[in-house]
Every structure is written in C-alpha cells, then in structure tokens.
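Only one structure is covered here, and it is reproduced in the block below.
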Amino acid sequence: MAMRGSRRSLLITFLAGVAIAGASSSSGSSGSGGDSSTATDRSLVKLETRSGILPWVDPDTPEEFRSYVSSRGDTWELVMSDEFNDVARNFSAGGDHIWTSMDMPDGTNNALQLYSHDMTSIECDDDEEGLCYMQIKSIDEVSNITVWNSYLRPPGYQNSIFYYRSGMLQTWDKFCFQGGMLEVRAKLPAVLGEDSNNTDVGKGNNARATKTKYYPTWPGIWLMGNLGRALFASSTARMWPFSYNECNETVFDSSNQRISACNPDPGSGMNPYQGRGAVEIDLLEGGGVAISSSIQIAPGMPADYRRAAYNESLGDWSYCMYSQECTTIGANLPGVPTEYYEELGHVTWYQGLRYGANNYCVRDGNETQSYTKVAAAMKNITENSCDLSYCPASNDVHGDMSYIDGDKSLGHWNINTNGTCFPEMNGYQGVYLCDPDNQDSRCSQPRNSSTPKTNVMEPYNYQMDALSSNWPIHMGAYYDYVAYQVEWVTGDAGYLRWMLGGYPIFEIPASSVVNTPQGGSVSNPRLTFPEEPSYIILNVALSASWGTYPPNPGKPCRGDGTSAEDNYICDSFPLYMKIDYVRLYQDMSEGSTMARECDPASHPTRQWILDHLSDYVDGDNKHVEVQGGAPCRDYKDCTIPFSVQYTFHTGTCNTNTNRCECTNEFWGGPRCTFQLGATTANGDDASEITFGPPPYAAVVVVGVVVTLTFLIMLVVAIRQRSKSMQDAAKTKELGRSMVKDVQYAKAMITTDNMAILSSVDVDDESTDTSKSFTASGPYHRFR
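In case it helps, mature numbering (1 follows the signal peptide of the UniProt record, and there is no 0) puts the sequence shown at residues -25 to -1, 1 to 758.
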C-alpha cells in the first residue's frame, strides 16, 4: 500500500496545477466502517475537463437550470444531466456512456413482460417545438422463453410465456450517487383515445384519474444500491434491500445479510465490520389512479411492531387491508383502533412520516379537512378503519402533523386542507423473504417436511419493509410532462422528500428510520438511513399482481376476443413512457457528504462486483467500462487541463457524433478524464491486455517523469526569481535549455509509442495535435 500511495504522490506532483474534480471524492458519504480501505474503482484519478464542464453534465442543459435551491434553502449544483437530444444513441451494453438497456425476462412480481434493447430509443416530435425525449415502448407480443427457476422443486428450467415486451434502462456501475435532488420530467403511458370508453378523457389536466384499466402498465423511476443489479436475482439475494450496519445477533441473525457488520473480513474490497446492501428508493412506481413513492428497506420490523395479522377464520383475506375491509381488530392500519394498540404498551410502525397534497388535482369539497377537528378526534379512534372525520387524510395516525416546513401558510402535514388529491399510507408494508428450502411459516411458500432440500442457495429468511405513500394522480401526468423530484440527504439528520413540480407530497425524516419503536417482547433493529451509492433505473413493466394491469392478465391481451373494451385497450399498444430529461443536483459546498461515484471508499462496490461477476451479468447484459461517449461541444469538453504551457489531449470531440472519444485505453470516464487502473470491468488484468511498455521502458519513463517533475518545478522557481532579479536574458537562455532537455526526453521514448510531453510557448487552445501530447501507458503506470 505504501508503493500505491507514493505513486499517487508522484502523479499529483507531475500534474502541478491540475485540479482534481470534486465529483470524484473517494471519501463518499458519512457511512461507517473501517477507514483503512481504499477505493477499488479502476478510475485511479478523476480530473476536471479543460472546459470545466463536469463529467456527467449534458451541455444541452440550459444555464438557468444549472443550480437548485433545496427545500431547506441550500443552493445545490447540477452534477449530472441527460437531455436526450441525440437520436443516434445506442443503449445496448457498451453503446452509451451512462445508460444500459436490458435484454432479459423479468422474473419478479409476476411480471408479464420481458425487456429488449430495441424497446428504448431517443425520439423527437415533428411539431414546431421539436421536443426530443427518451422513449420506453411497451408492446403486446407473446414470447415463449426457457428460464431457470431456483424455486422449482427440484430447481430447473421451465418454459415461461411472456405476453408483452418492454424496456428498462440502468446506470448500474456507471453512474451512482449518494444524496442530492433527482428530477425526472416524464409523461406516463395511457390509453387516451377519444373513441375509447375512458371517461377520464376530455376532463382536462387537473381532473383526477379514475379509470384504472386504461392505464395498464407499471412504469418505474427508481434507485437501487450498486451492490444489487435489478433483474439479477443472484446479485440481490441477501443483499436487497438491506440498510443495516449493526452487529447484534439477539436482534437480527447476521447470516441473513450477505455483507454483515459482524464480519471482520468480508473480502472483495469490503470494509471490515460494515453492513452493506442494496436499498431501494422509488421516485415513482405504478400508474393507474395512484402513484407510489417509497423506500424498501431491511431488516424489517418484527411482528410486535407491525399491524395485527388478519384472521382467515373471520373471513379476512390476504389483501383485505388495502381496502380497509379486514374484520380482525387492528389488521387494517397501525394504531387503529386506539384502545387495541394502546394495550400493547408500545407504538407500532414507523413514526413521524409526512404527507402533502397533490394540488394539481381539482378540489373536492367533500375531502377538505380541519386540523383542529381531526387532531381532537384522533385521541380515541374506536372504529377499525379510518375516515376523514377522525383520521388524517393519509390514514397514518403516527404521521407528523406539524406545519409544513414550519410555515403556517402551507398548512399541516397529513391534513387535506385544500380538498385536493392527497396521498395515503400504502397498505403494502413489505414482504417476508426466504430461500427455497426455508420452512418458516412466514415464507410465502415454505418447504414442507416431505420435500427434500435443494441447497440451491445460502439459507435466509427475513422481513423487508416498504415505507410507502400512494398519491392520487391528475390527468396531466398522462397528457403532458410532469417533473417528479426526490431530495435525498444521508445521515441521521437527513431525509427523503418526494415532490411534484416542487411541492412536497411525501417525506421520510431519517429519525423515522434510525429511531424505530422499542418496548415489545423483542428488540426492533436500528436501521441506517439509506446511504448506499445508488444507480438510476427507468422501466415500464406489466404484472398480474399490482394495482393496475392489462386485460386478461396471465393470458394474451385480448383473451377470447369477445370484449370490445379489452380489444380497444390491446389495440392501443404500443404504449410509451417518455422522459424529457434527467437531472441531479448536489451540495458541492465544503464538508458536504454527497458523492457521485459507484465505488467510494466509504462504500466500495467494484471489487465485490468483479469477484462475483456472474451474479451481475450474462451474455446479453455485459459489463462494459465507460470510455468516452459524453456529449461535447469541442475537444475541451473531452480532455484534462495540464498547465499554462503543457496540455494533455486525453480525448477528442468527434465532430460527426458530437461525442467524446478517448485517445487510448488508459483514459476513460464519460469525458476521458478518468485515469484508468489495472483491472478492467470484466476482471482481467489490464496490464496484460493493454499496458504495453516492457520493464526496461518503464524504468526509462520513471526517470523521465522524475526529471520532468524537477524541470517543471524549476521553471516555476526561475520565474519567481526573475521578477526580483529582472535578468531577462539569463531566464530566456535557461528556458531554451529546458525545452531542449524536454525534447530530448521525448525523443528517447518515442520508439515505444510512449509520448509524454511536447513543449509549447503559449497554449492557444488550438486543436492542432502538434501542440499537445498523448497520455499513454507509462503515464498511467507510474502515477
């Protein structure tokens, strides 16, 4: 490790005057864990561009949207954006600098679709505005696919029929972030034909969506921790959606968590004694008449702290709580009725969640609430369900009811003062996860004693929780583009706030997650507020299990073809989700814990992924290193600065595509400003593949680098001295001598294609390659 550090010091000395981009900080967020580890990102040093544009920012983002004032009044800067203006982009593996389209079936949530590369594209409207957007297309198309099913008894291949084809894009292991404000402007899929029976059509943008079946898809805009790759179950088993960093076997069995805080040596670049996982944050999930915003987190609360289990002997069924129709006392909502839950002697579920109105909806006077009346009635709720007269509009009796942001004029959290659309606590509060051999009665399909074990995977069984809000949606979400936003601040004083066009609709304070209720017969795990480096996912799914679904789920869309309404909906495919832009803002001030990389030292991921690569990739969904591809205006967007007199050209701007192209394999990242390390994305030793100079050449180059470092430092000293001595003639002669020395050093290594430096009198920003030099292998190797 000492050698690693000394080489880095040499590089920094050699690059005197070159700023290290703040976006590449390896210190990451405030996560705990051992401080002796180093980042395993192949990008050993991340530098600024010569133009100053950040690596992940799209130059097409208008200047007026380059900063953002957070809900707490802090100014955050644009650190990533994609305006989707280039119709030539290819999202298949290796085709794009930030997004990767998926090509595989979806094996989760009774999905009805498989994902294909050709379901994602950039399109532009033909009207005067000519808006360009990223488009995810969904079509009704029957596919018969052979898939492996670990939950078969015994495990094996099975033929599965998928009735739809759709698209998913991920930034997995390309672009990740910890904290910030993510904004996605999107138009959601819908059947809106004027000749349809959709009675929502024609009522205007502010009308409430009411006809569920005309919104048959399940769009998603969400985040997942980089240690789990969506669709690859082998990567998410015992990883999703953990956000837990404690070691207490009496509270939670650490064997259920793949990377546990109880492990002193987890290997693969992980920090000792640090619990890790792949927590999920859903900016937007679902469609129909309501949209879900949530986090999925584990380990979940024990039964003592959950709502009462429904009793089938009373006629209750597994989904009765969604409509508050459970007969079992306490089975509909946590905290309702009051007397039942007070007898427990402790509170249940997560406390202090915040809900706000979607005021884009038309007002309904029948839904208007008075804070004073509701607060008084909540003291003793005798019913087994909620009503607007005695419960908050969210149905969450444990929610925060203070003034929104402390501003009396904004009204109270959880109270529908205006009578507009208002979010409700989601009846879905998580699921119990198990391996196929598990016999725990809480598993959805526990193995019976007569069925032999399969031993197909490590055993596990644990509860995951969903802290989720369902908020009614207005028709403008289907007719037009709407800006969906989430603010994420990590740490025990952090929060997650979901917004619609800047107005809050749901907020989870960190205190709700890290200070879980106690006092039951068992202890409640103390979770970590989400802080994993997370990537962005955009997709459109279809399912037979969710709140909205296509006609005849589990069968071809038209069924037997006798329903005119079903036929109309099916004939309306393809349906589209359109994304105008994606933008991310972060606090760039000194001391900020926000970061923008997939492999920070505080939460490393790269070596783990390389060591378990088969869990994350297959032949159709490969892991390809990012080397160039960002949109550019000229070469200055694609190369690093060096100094006033000496400049690298680590990349160029292709004038045909207006995309960055890296000069060679030693520089990568979207703008060719990341100096790459010795391990490629597929785990190979890059030195054996691309780092060509033989040992004797390496020795020569070390000498050259050291000499040049001395010469550059000497130039600076001479310039300073010349100001006082005013000996211009002597300085000029010394400068000429230095140029000759540098040219001689260059000539000594030219035969091995290891050009290091060309001297220029003045950097006139010319693109003439004779006034630049190529950063090649030796520069990387002797950092």
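For every residue, glycine included, the Cβ atom is placed at its ideal position computed from N, Cα and C.
Closest by CA to Lys21, which one among Cys613, Val62, Thr632? Among Cys613, Val62, Thr632, the Cα nearest to that of Lys21 is on Cys613.
Could you say which of Ile390, Tyr454, Arg558, Gln582 lies nearest to Leu167 if we only look at CA atoms? Its Cα nearest to that of Leu167, the residue Tyr454 stands out among Ile390, Tyr454, Arg558, Gln582.
Specify, as a first and last residue, the run of the alpha helix (DSSP H) that Tyr543 falls within. Annotation for Tyr543: the continuous alpha helix (DSSP H) segment containing it runs 539 to 546.
Could you compute how far the alpha carbon of Thr121 sits from the alpha carbon of Trp147? If you take the alpha carbons of Thr121 and Trp147, they lie about 26 angstroms apart.
Check whether the Cβ atoms of Asn596 and Asp115 lie closer than 8 angstroms to each other. Judged by beta-carbon spacing, Asp115 lies beyond the 8 angstroms limit of Asn596, meaning their Cβ atoms are not closer than that value.
To which residues of the same chain is Gly154 closer than 6 angstroms at the C-beta, ignoring the five residues directly before and after it? So the list reads Trp463, Val464, Thr465, Met569, once near-sequence residues are dropped.
Between the segment 274 to 284 and the segment 299 to 312, can you find at least three pairs of beta-carbon atoms closer than 8 angstroms? The segment 299 to 312 is in contact with the segment 274 to 284.
Tell me the residue span of the beta strand (DSSP E) that contains Arg581. Careful: Arg581 lies outside any beta strand (DSSP E), inside the alpha helix (DSSP H) at 581 to 586.
Near Asp410, what residues of its chain come up, given a Cβ to Cβ distance below 6 angstroms and the 5 sequence neighbours on each side ignored? Residues Met432, Pro434, Tyr435 of the same chain have their beta carbon placed closer than 6 angstroms to that of Asp410, with the five preceding and five following residues left out of the count.
With 16 as the cutoff for other CB atoms within 10 Å, does Gly142 come out buried or exposed? Within a 10 Å sphere around the beta-carbon of Gly142 sit 16 or more other beta-carbons, which makes this residue buried.
Do Met439 and Val406 have their C-beta atoms closer together than 8 angstroms? Cβ distance < 8 angstroms, so Met439 and Val406 count as in contact.
Return the first residue and the last residue of the alpha helix (DSSP H) that Lys348 is part of. Segment 346 to 352, the alpha helix (DSSP H) holding Lys348.
Reference Pro525; option with closest CA among Met245, Ala165, Thr302, Tyr470: The residue with the shortest Cα to Cα distance from Pro525 is Ala165.
Where Met563 and Val54 are concerned, what is the direct C-alpha to C-alpha distance, given to the nearest angstrom? Inter-residue distance for Met563 and Val54 is about 9 angstroms (C-alpha atoms, whole angstroms).
Classification of Ser518 by the beta-carbon crowding that lies within 10 angstroms, buried from 16 upward: Label assigned to Ser518: buried.
Pull the bridge partners of Gly566 from the DSSP assignment, please. Within the DSSP bridge table, the entry for Gly566 names no partner.
Can you name the residues that DSSP bridges to Ser96? DSSP links Ser96 through a beta bridge to Gln110.
Residue environment, Thr491, which counts as buried when at least 16 other CB atoms sit within 10 Å: With 16 or more Cβ atoms within 10 Å of its Cβ, Thr491 is classed as buried.
Start and end residues, alpha helix (DSSP H) containing Val159: No alpha helix (DSSP H) holds Val159; the beta strand (DSSP E) holding it covers 155 to 162.
State the DSSP-derived secondary structure class of Leu385, mapped to helix, strand or coil. DSSP places Leu385 in helix when its eight states are reduced to three.
Exposed or buried, Asp33, counting other C-beta atoms within 10 Å across all chains shown (16 or more means buried)? With 16 or more other Cβ atoms inside 10 Å of its own Cβ, Asp33 counts as buried.
Compute the Euclidean distance between the alpha carbons of Arg581 and Gly594, then round it to the nearest angstrom. It is roughly 20 angstroms from the alpha-carbon of Arg581 to the alpha-carbon of Gly594.
Kindly give me the distance between the Cβ atoms of Glu399 and Ser369, rounded to whole angstroms, as I take these residues to be in contact under 8 angstroms. Indeed, because the Cβ distance is near 6 angstroms, the residues count as touching under 8 angstroms.
Look at the alpha carbon of Ala605 and the alpha carbon of Pro616, and state the distance between them as a whole number of angstroms. Rounded to the nearest angstrom, the two C-alpha atoms are 17 angstroms apart.
Give every residue of the same chain whose Cβ lies closer than 7 angstroms to the Cβ of Cys336, excluding the five residues on either side of it in the sequence, and list them in chain order. The answer, listed in chain order, is Asn181, Arg183, Thr395, Cys396, Pro447, His449.
Pick out whichever of Asn172, Asn389, Ala278, Asn430 has its Cα sitting closest to the Cα of Asn347. For the record, residue 347 in the displayed sequence is Thr; it is not Asn. Closest option to Thr347, judged by alpha-carbon separation, among Asn172, Asn389, Ala278, Asn430: Asn389.
Check Arg195 in the structure and name its three-state DSSP category. Here residue 195 is Gly; the residue named in the question, Arg, does not match the sequence. In the displayed model, Gly195 falls within a strand according to three-state DSSP.
Return the first residue and the last residue of the beta strand (DSSP E) that Ala516 is part of. Unbroken beta strand (DSSP E) run through Ala516: 509 to 516.
Integer-rounded CB distance, given that Asn514 should sit under 8 angstroms from Gly195: With a beta-carbon spacing of about 5 angstroms, Gly195 and Asn514 fall inside the 8 angstroms limit used to define contacts.
Do Gly252 and Phe227 come within 8 angstroms of each other at the CB atom, strictly closer than that value? Not closer than 8 angstroms, so no.
Inter-residue Cα distance where the pair is Ile73 and Asn430: If you take the alpha carbons of Ile73 and Asn430, they lie about 38 angstroms apart.
Do you know whose CA, among Phe66, Glu104, Ala86, lies nearest Ile97's CA? Of the candidates Phe66, Glu104, Ala86, the one whose C-alpha sits nearest the C-alpha of Ile97 is Phe66.
Whose C-beta lies closer than 7 angstroms to the C-beta of Glu708 among residues of the same chain, with five residues either side of it excluded? Residue confidence for Glu708 is low, a pLDDT of 49 falling below 50, so the modelled location carries little weight and cannot support an answer.
Taking Phe504 as the reference, give the member of Ile512, Ile483, Gly494 with the closest Cα. The residue from Ile512, Ile483, Gly494 with its alpha-carbon nearest to that of Phe504 is Ile483.
Among the residues of its own chain, which have a CB less than 6 angstroms from the CB of Leu106, if the five just before and after it don't count? Once the five neighbours on either side are set aside, the close Cβ partners of Leu106 are Asp100.
Return the first residue and the last residue of the alpha helix (DSSP H) that Gly48 is part of. Run containing Gly48: none; DSSP gives neither H nor E here.
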